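Novice: Residue numbers (my numbering), protein chains in the order written: chain A, 1414 to 1532; chain B, 1414 to 1532. Virtual Cβ for every residue (Gly too), placed ideally from N, Cα, C. Fair warning: this is a prediction, and the values are worked out from it, not measured in the lab. Before I ask anything, let me first share the structure, which is written out below as structure tokens.
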DNA sequence: AAGCTGGTCCGATGTGTGTCGAACTATCCC
DNA sequence: GGGATAGTTCGACACACATCGGACCAGCTT
């Protein structure tokens, strides 16, 4: 019952991108996802731009990487359970899974977001 | 023949193990240090055994790795600023740098330690 | 329909990391 | 002194990962 639709049946299911269930979040995996400076910047940008944000968050985060690299980072964040991705047409809207993260690891996201890099 | 006049002045300096200053802790580095399950187990064991703990924390943490691997993990934790290491004789006592971590990343350590793995 | 375009996937590549055993260092104890 | 012992360091190895360009696929747009 955990996995409703396995591999996108021909029916609807359009927006199904694999994301772990809220009760299956793994701390080491999440920490590893957040340990990359680029991904951390993305998460921070997502937190700042409110509810939902288009993939251009890469630009907003000041990322200077190629398309495929950005896609890879978003995939890591998505599969670790940090972000949710909604597909609409050719666009993808990314958002932080704040509630799920807060319930699985209380205050973790706050602690991470509170950090300011003094370079 | 290896180290003629390298470092090691004839004086004291004994217990100097490299650890970053409290105001130089880097979040991605700390997160990466905590992202390894083995190191996370060590940190948890350190938190449970109070103030200071000998290196046998590896056993207490249930680590089944070799000496060199354990040494490596402790080095990563030390150099990331998560732990403090005090040398006494042939023994090394490891402790969490709770204060420094809490002041640099408030609630981060608490959030990490609060997590319980349901396997 | 035909093309454009946002985004993913695929290979390749260089770099980092976890693991080990063995060699080495330093300290303690008899 | 001469071991014995705690711990680090040194290759070495396999594997994972960040990065890239280009191929590919699916919706828009005209």
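DSSP three-state call for residue 1487 (chain A): helix, strand or coil?
Specialist: helix
Novice: If we require 3 or more residues per run, which beta strand (DSSP E) segments fall completely within the region 1486–1522 of chain B?
Specialist: As for any beta strand (DSSP E) of minimum length 3 sitting wholly inside the region 1486–1522 of chain B, the runs are 1496–1501 and 1504–1509, ordered along the chain.
Novice: Applying a beta-carbon distance threshold of less than 7 Å, which residues of chain A neighbour residue 1520 (chain B)?
Specialist: Within chain A, the residues placing a beta-carbon under 7 Å from that of residue 1520 (chain B) are 1520, 1523 and 1524, ordered along the chain.
Novice: Compile a chain-ordered list of the residues in the region 1447–1460 of chain B whose CB is closer than 8 Å to at least one CB of chain A.
Specialist: 1447, 1448, 1449, 1450 and 1453
Novice: What residues in its chain sit with their C-beta under 7 Å from that of residue 1494 (chain A), if we drop five residues either side in the sequence?
Specialist: The residues are 1432, 1433, 1438, 1443, 1510 and 1513.
Novice: CA-CA distance, residue 1440 (chain A) and residue 1518 (chain A)?
Specialist: Using only the alpha carbons, I get a separation of about 8 Å.
Novice: Does the beta-carbon distance from residue 1474 (chain A) to residue 1458 (chain A) come in below 8 Å?
Specialist: Contact flag set, yes.
Novice: The alpha helix (DSSP H) with residue 1450 (chain A) in it runs from where to where?
Specialist: Membership of residue 1450 (chain A) in the alpha helix (DSSP H) is indicated by the continuous run 1450–1461.
Novice: Using 10 angstroms around the beta-carbon of residue 1524 (chain B), count the other beta-carbons present and answer buried if the total reaches 16, otherwise exposed.
Specialist: By the C-beta density criterion, residue 1524 (chain B) is buried, having at least 16 other C-beta atoms within 10 angstroms.
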